[in-house]
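2 protein chains.
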Amino acid sequence: MELNERKRKILNTIINEYISTAEPIGSRHIAKHADLGLSSATIRNEMADLEEMGYLEQPHTSAGRIPSDKGYRFYVNELMGGYEATQQDIDLLASAMTVKINQFDKVIKQVSMLLSRLTNYTAFLITPEMKHGAIKTIELIPIDNSSVLIVLVTNEGIMRNKRVVLPQGVDSEYIPKISAMLKEKLSGFSLDEIGVKEINEIKNALGENGELLFPVIEFISEIIDDIQKETEVYLSGVSNIFNFPEYRDIDRAKEFIEFLDDKNSVTKAISNSQEDDDRVINIKIGKENDMDIMQNSSLVTANYHLGGRSVGKIGIIGPTRMNYSKVVANINQISKYLEKLLEEMYFDNNGE
Amino acid sequence: MELNERKRKILNTIINEYISTAEPIGSRHIAKHADLGLSSATIRNEMADLEEMGYLEQPHTSAGRIPSDKGYRFYVNELMGGYEATQQDIDLLASAMTVKINQFDKVIKQVSMLLSRLTNYTAFLITPEMKHGAIKTIELIPIDNSSVLIVLVTNEGIMRNKRVVLPQGVDSEYIPKISAMLKEKLSGFSLDEIGVKEINEIKNALGENGELLFPVIEFISEIIDDIQKETEVYLSGVSNIFNFPEYRDIDRAKEFIEFLDDKNSVTKAISNSQEDDDRVINIKIGKENDMDIMQNSSLVTANYHLGGRSVGKIGIIGPTRMNYSKVVANINQISKYLEKLLEEMYFDNNGE
DNA sequence: TATTAGCACTCAAGAGTAACGAGTGCTAAC
DNA sequence: GTTAGCACTCGTTACTCTTGAGTGCTAATA
Chain F
0 MELNERKRKI
10 LNTIINEYIS
20 TAEPIGSRHI
30 AKHADLGLSS
40 ATIRNEMADL
50 EEMGYLEQPH
60 TSAGRIPSDK
70 GYRFYVNELM
80 GGYEATQQDI
90 DLLASAMTVK
100 INQFDKVIKQ
110 VSMLLSRLTN
120 YTAFLITPEM
130 KHGAIKTIEL
140 IPIDNSSVLI
150 VLVTNEGIMR
160 NKRVVLPQGV
170 DSEYIPKISA
180 MLKEKLSGFS
190 LDEIGVKEIN
200 EIKNALGENG
210 ELLFPVIEFI
220 SEIIDDIQKE
230 TEVYLSGVSN
240 IFNFPEYRDI
250 DRAKEFIEFL
260 DDKNSVTKAI
270 SNSQEDDDRV
280 INIKIGKEND
290 MDIMQNSSLV
300 TANYHLGGRS
310 VGKIGIIGPT
320 RMNYSKVVAN
330 INQISKYLEK
340 LLEEMYFDNN
350 GE
Chain C
0 MELNERKRKI
10 LNTIINEYIS
20 TAEPIGSRHI
30 AKHADLGLSS
40 ATIRNEMADL
50 EEMGYLEQPH
60 TSAGRIPSDK
70 GYRFYVNELM
80 GGYEATQQDI
90 DLLASAMTVK
100 INQFDKVIKQ
110 VSMLLSRLTN
120 YTAFLITPEM
130 KHGAIKTIEL
140 IPIDNSSVLI
150 VLVTNEGIMR
160 NKRVVLPQGV
170 DSEYIPKISA
180 MLKEKLSGFS
190 LDEIGVKEIN
200 EIKNALGENG
210 ELLFPVIEFI
220 SEIIDDIQKE
230 TEVYLSGVSN
240 IFNFPEYRDI
250 DRAKEFIEFL
260 DDKNSVTKAI
270 SNSQEDDDRV
280 INIKIGKEND
290 MDIMQNSSLV
300 TANYHLGGRS
310 VGKIGIIGPT
320 RMNYSKVVAN
330 INQISKYLEK
340 LLEEMYFDNN
350 GE
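Chains as they are written, first to last, in numbering that gives the first Met the number 0: chain F, 0 to 351; chain C, 0 to 351.
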């Protein structure tokens, strides 16, 4: 069966209406609102076709139709129009733009907060992974006799730090020495290149009596491994989901909150989205998500960039009945805004 | 009216039963289970008295009684017995004890996670405020030409760091100089002591051409101010609240999640608990909380200590119908466990 | 041949009703 | 002071009935 122009129009109307009302849409409603000059009976026939083709579903016989995941997918790919920003959106963004932020953590919070307020969904932001960059700085700062702060900076401007307790028996007077050594030996290496060979080289360079420090070197290389893998997830507007009838059911809501509670599963769900084209917004609708718990939710993510390179992800989570065009537009705006803030942070005074 | 032994026993039984069943407790139930050798009619009279005295409430005429906030308060102060750890509790703690943690952030996560798993409520942990300690280290680490990492360590072992963008026009080659200067001039000062005087001293010490750096000094002193005030809140087990019938109502649940969503309000609610005796567990029941949104919830907090000094807070949030004795016992265990982990972190290899 | 009017049918949601039962307060007897 | 007894209250549950939105199918129409 062919998906002709008329069917597309009807499908489009149904999805648009359903997105804004959350009520199954009946044929009479379409006949009245879609301005097709057709009777409800004709539309009924078309709707039956669309259902047969898999774009629509019927919750029960005497209800109207709702879009299936396939329906949403087609809508997102082919039908959905551009989103016209409301005055409220514009005001919100404009007032955000006026704020000058000079603290990195505040940038993150501001941006995820803004995205959740714009979209009314739950927004997230994932900090960059470190693995790609080359080490620019590695530094150990003594905190007390047993613990140090390890600071790692890559040439991409990504910084991570971690407070750790050193293995027993390390005299704190060696810390500066170790720090300098690490810096010298590891600078320029990509994080995923650091292997046994490089570590051994450091060990050798420690010279006589250096063996005492071997455990520290081992230890630090493990921590670097850890740091490399870690990313942080910031959530904002978690309670927004309660605004949607989809989550008025307490068990659905519980499931969702449980999912968000576990940052690991969130990271996993988000990183599953393929990176084919990292400039494009990635949309996963319902069952397109691998995780069980996401089968009734959609995920819209974008990679944000810095110096031409994708460094982290930003996006929103919500019900499959989502205002995709608005969300896509908002994420575009916000990721640009984020990139602008980051540019300022990283390159503003630089000749780079 | 006197709160005699019999009334106390009845009240105690009602509260214990209500805590475990969440159902209003009737006189017949007490007659059967409390082993008082009294008929339900007598108990009925006593319950009417207890209600008159304000310890009990009746949801409606034909229901049993439930404890009022005053009832819980009396229970917590006078009636509640010690909690006997279950095998499950013991196993959970024991397995946690075997894990050796050497990363500070993991300690925090582990502890709050453990507390929420033990209690089945939502647990939180607030990191120490910095204001009391004296500055031991202050260091600026260049990240790129425009941003630096500011690291602050107090003599109490509390560390905070923040990545910031420096004001325009600061050449990065001055960073080490500024860093050394700050360290020299500010070491030993308590954070809340740093005022205009100290800042001016640094400015003067910059010598000729130092004026160019004045904005940076000003800027950094503002950031220090910020750092001083900030604490972080870690939540764990947010979805636990869905296990309680109190929050089966979607609007109550929404309210609760909204509250937790806003870290500021959480911090505020928690820091409101007075610090009269910082060794004692602080319990705020229902209306004893200042915040509107907490009127139907209870907050149990403890200060955790390091080197004899209270440094942060740990605790749980849940419905007023809470298993107080279990929660108190668990928080005690966990704050000891946390202190042990922190001791290891801070003082293990030290002569301190 | 495509469209439409008409109609019987389905089914969720809401309103109304009745029965149930847990629990109470009060009274009178012990 | 305690208790048995009883009328009363009121939330909960189950059931029935009605309503109405929406459907699919058929036959008439353009």
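All residues carry an ideal CB built from backbone N, CA and C; glycine is no exception. Remember, predicted model here, so these are calculated numbers, not experimental data.
- With a threshold of 8 Å between beta carbons, L212/C makes no contact with chain F.
- Between L181/F and the set R247/F, G194/F, I201/F, the nearest pair of CA atoms involves I201/F.
- With fewer than 16 other beta carbons inside 10 angstroms of its own, K286/F counts as exposed.
- In this structure, I222/C keeps its C-beta atom at 8 Å or more from the C-beta atom of V169/C.
- Closer than 9 Å at the C-beta level to chain F, one finds these residues of the stretch 328-344 of chain C: E343, M344.
- In the DSSP assignment, G285/C falls outside any beta strand (DSSP E) and carries neither an H nor an E.
- Beta-bridge analysis with DSSP links F123/F to L234/F, G314/F.
- Counting only the Cα atoms, I14/F lies some 6 Å from P66/F.
- Annotation for T300/C: no alpha helix (DSSP H) segment contains it, though the beta strand (DSSP E) segment containing it runs 296-305.
- Distance check between T118/F and each of Q87/F, K135/F, L139/F, K99/F places Q87/F closest, using alpha-carbon atoms only.
- CA-to-CA, the gap between E254/F and I24/F works out to about 27 Å.
- Close partners of V152/C in chain F (Cβ separation under 9 Å): I140, P141, I142, D143, L148.
- The C-alpha of N329/F is placed about 12 Å away from the C-alpha of S111/F.
- Rounded to the nearest angstrom, the Cβ distance from I140/C to E138/F is 6 Å, consistent with a contact under 8 Å.
- Cβ-Cβ distances below 7 Å link N239/C to S115, N119, Y120, T121 in the same chain, with the five nearest sequence neighbours on each side left out; the list follows chain order.
- The criterion of a C-beta distance shorter than 8 Å is satisfied by A33/C and T12/C.
- The way I'd put it, the stretch 63-83 of chain C does touch the stretch 277-294 of chain C; three or more beta-carbon pairs between them come closer than 8 Å.
- Going by beta carbons, V299/F and I269/F fall outside the 8 Å limit.
- Residue pairing by DSSP puts K161/F in a beta bridge opposite I149/F.
- For E138/F, the enclosing beta strand (DSSP E) begins and ends at 134-141.
- Proximity of I216/F to chain C, defined by a Cβ-Cβ separation below 8 Å, is not satisfied.
- For D191/F, no alpha helix (DSSP H) encloses it, and the DSSP letter there is neither H nor E.
- A residue is called buried once 16 or more other Cβ atoms fall within 10 Å of its Cβ, and R159/C is buried on that count.
- Counting C-beta pairs closer than 8 Å gives three or more between the stretch 1-9 of chain C and the stretch 37-50 of chain C, which meets the contact rule.
- In the structure shown, S111/C adopts helical secondary structure according to DSSP, grouped into three states.
- In this structure, the alpha-carbon of F213/C lies about 25 Å from that of T97/F.
- Burial of K184/F is indicated by the presence of at least 16 other C-beta atoms within 10 angstroms of its C-beta.
- Using a Cβ-Cβ cut-off of 8 Å, I256/C counts as an interface residue toward chain F, since at least one Cβ of chain F sits closer than that to its own.
- Residue range 4-20 is occupied by the alpha helix (DSSP H) that includes R5/F.
- S145/C and N3/F have their C-alpha atoms roughly 57 Å apart.
- Under the Cβ criterion of 8 Å, V98/C is not counted among the residues facing chain F.
- Each of S189/F, L91/F, F218/F, N101/F was checked against the Cα of T136/F, and the nearest Cα belongs to S189/F.
- Within the stretch 238-267 of chain F, the residues whose Cβ lies closer than 7 Å to any Cβ of chain C are, in chain order, S238, F241, R247, I249, A252, K253, I256, E257, D260.
- Cβ proximity to chain F below 7 Å picks out N101, Q102, F103 from the stretch 75-103 of chain C.
- Here P318/C is near E245/C, since their CB atoms are less than 8 Å apart.
- The beta carbon of I292/F is closer than 7 Å to those of E254, F258 in its chain, skipping five residues each way along the sequence.
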